[in-house]
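This report refers to the structure that appears directly beneath it.
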Amino acid sequence: MKTKIGGKELIEEAAELIRKGEVVAFPTETVYGLGADAFNAKAVAKIFKAKGRPADNPLIVHLFSKDQLNKVAKDIPEEAYVLIDIFTPGPLTLILNKHPDIPSITTSGLNTVGIRFPNNELARMLLSKSNTPIAAPSANISGRLSPTTGQAVYEDMDGKIPMILDGGKSQVGIESTVLDLTKKPYTILRPGAISASMLVPYLLEVKNFKGEVKVATSPGMKYQHYAPKCICVGAKLKDRAIIHYKKIANDKCNRPVIIGNFNFIKDLPVNIETLSLGDSVEECMSSFFDTLRYAEKKYNYIILQNFSDFPDFFSLNNRIEKATSHIIV
Ligand code: TXA
Ligand code: MG
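Numbering (the working numbering), first residue to last: 19 to 347.
What follows is the structure, given as structure tokens:
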């Protein structure tokens, strides 16, 4: 299959593909999504195929407007409407009770459905013009880094889907916060740019999911996510990162790199290869996946700063711990 890639000029054609039951990749403010009509089971099956995604990992349903809510969910709690007004369109996914019209493949047989209103011009145009809720996971091959550029989607999806809408770089850069509103206490199943402390004024109580998952509440949590192709380990301290780098660089076959925020990178010896994620937490989130995709091509051993001592970096550090399989040197 030939994969077309382009911007706004392809929007009518993209909407037509969605209406016809095809799969289209599109940008969102978090990461790129791989979308199909959420009500069309055959179309949704194509997403699972293109990604190589396990059938028991449910998809998020993307909506254009609030009037679509009652078509995809039922028994919606009051708090959902409050959060939608305050935080959306934006990087927040709400888990609600599923409407029976949503085919079970979309939610992997669960009675609940994740919904979100993406805040990206092309995503909103696609949702509006195709006139249907769009089920979409991140547009990477299952287990790979989430894509934050059209080019990154192309690397993973060329030849597998008919079209990629390219909207440039995703601004937020890590996937949406997933908040379960189906049982109390309301629980964050996946941290994202909207943090527990931002949500708590509207919910009174919200639990941050922590620790190992035995019986997974969010089915996706049990899968290895966001991992670069090469070895990737974490380092909390600059000195430890340098010692480890030198040890690894001793073997001439190795091409290590240290990746961290500006402060972590700035006074490292000149003979050490480094990549900076940026300064603020927003910058670091926004550049994270793209930096890792770049690094795994150029290097074969990544030493990645671990931010567990920086509360503001909580959500980004969740992705870092997955990329480094919780290994700290
Ligand atoms: O920012 C995002 O959320 C991006 C963009 C494209 O919207 N999407 C995304 O989708 O990250 P995906 O499929 O890569 O991750 C969705 C996560 C998975 O961990 C999945 O298990 C969980 O949300 N999820 C989806 N529906 C769920 C449900 N009904 N109950 C519990 N967890 C659910
Ligand atoms: Mg994903």
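For glycine and all other residues, C-beta sits at the position ideal for the given N, C-alpha and C. Computed from a predicted structure; not experimentally measured.
Check: Using the C-alpha atoms, what's the distance from residue 99 back to residue 163?; Outcome: 32 Å
Check: Return the first residue and the last residue of the beta strand (DSSP E) that residue 208 is part of.; Outcome: 205-208
Check: Can you name the residues that DSSP bridges to residue 22?; Outcome: 181
Check: Please work out which residues of its chain come closer than 7 Å, Cβ to Cβ, to residue 126, disregarding the five sequence neighbours upstream and downstream, and give them in chain order.; Outcome: 73, 74, 75, 76, 237
Check: Could you tell me whether the Cβ atoms of residue 140 and residue 110 are closer together than 7 Å?; Outcome: no
Check: Is any heavy atom of ligand 1 found at a distance shorter than 6 Å from the C-beta of residue 154?; Outcome: yes
Check: If the criterion is Cβ atoms closer than 7 Å, does the pair residue 171 and residue 312 meet it?; Outcome: no
Check: Since residue 153 and residue 54 should fall inside the 8 Å C-beta cutoff, what is the C-beta to C-beta distance between them, to a whole number of angstroms?; Outcome: 6 Å
Check: For ligand 1, is there any heavy atom lying closer than 6 Å to the beta carbon of residue 149?; Outcome: no
Check: Is the Cβ-Cβ distance between residue 324 and residue 254 less than 7 Å?; Outcome: yes
Check: Could you tell me the alpha carbon to alpha carbon distance between residue 308 and residue 277, rounded to whole angstroms?; Outcome: 12 Å
Check: Going straight from the alpha carbon of residue 147 to that of residue 46, what length do you get?; Outcome: 16 Å
Check: State the Cα-Cα distance for the pair residue 320 and residue 161, rounded to the nearest angstrom.; Outcome: 18 Å
Check: So, using beta-carbon positions, are residue 334 and residue 197 closer together than 7 Å?; Outcome: no
Check: Just checking residue 194 against ligand 1 - is the residue's beta carbon closer than 6 Å to any of the ligand's heavy atoms?; Outcome: yes
Check: Do you know offhand how far residue 294's Cα is from residue 213's?; Outcome: 24 Å
Check: Quick check on the burial criterion: 16 or more other C-beta atoms within 10 angstroms. Buried or exposed for residue 80?; Outcome: buried
Check: So, at 7 Å on beta carbons, what are the nonlocal neighbours of residue 94 in its own chain, with the 5 sequence-adjacent residues on each side left out?; Outcome: 87, 114
Check: Contact defined as beta carbons within less than 8 Å: I believe residue 143 pairs with residue 29. What is the distance between those atoms, to the nearest angstrom?; Outcome: 5 Å
Check: Going straight from the alpha carbon of residue 340 to that of residue 250, what length do you get?; Outcome: 10 Å
Check: Residue 134 and residue 188 - do their beta-carbons sit closer together than 7 Å?; Outcome: no
Check: Which two residues bound the contiguous alpha helix (DSSP H) that contains residue 340?; Outcome: 332-341
Check: To the nearest angstrom, how far is it from the Cα of residue 226 to the Cα of residue 329?; Outcome: 13 Å
Check: Need the endpoints of the alpha helix (DSSP H) that residue 358 sits in, please.; Outcome: This structure gives no information on residue 358, because the portion of the chain shown stretches from 19 to 347.
Check: Tell me which same chain residues have a C-beta within less than 7 Å of the C-beta of residue 33, skipping the five on either side of it?; Outcome: 144, 147, 148
Check: Which of helix, strand or coil does DSSP assign to residue 258?; Outcome: helix
Check: To the nearest angstrom, how far is the alpha carbon of residue 138 from that of residue 157?; Outcome: 16 Å
Check: Please report how far the alpha carbon of residue 131 lies from the alpha carbon of residue 69, in whole angstroms.; Outcome: 20 Å
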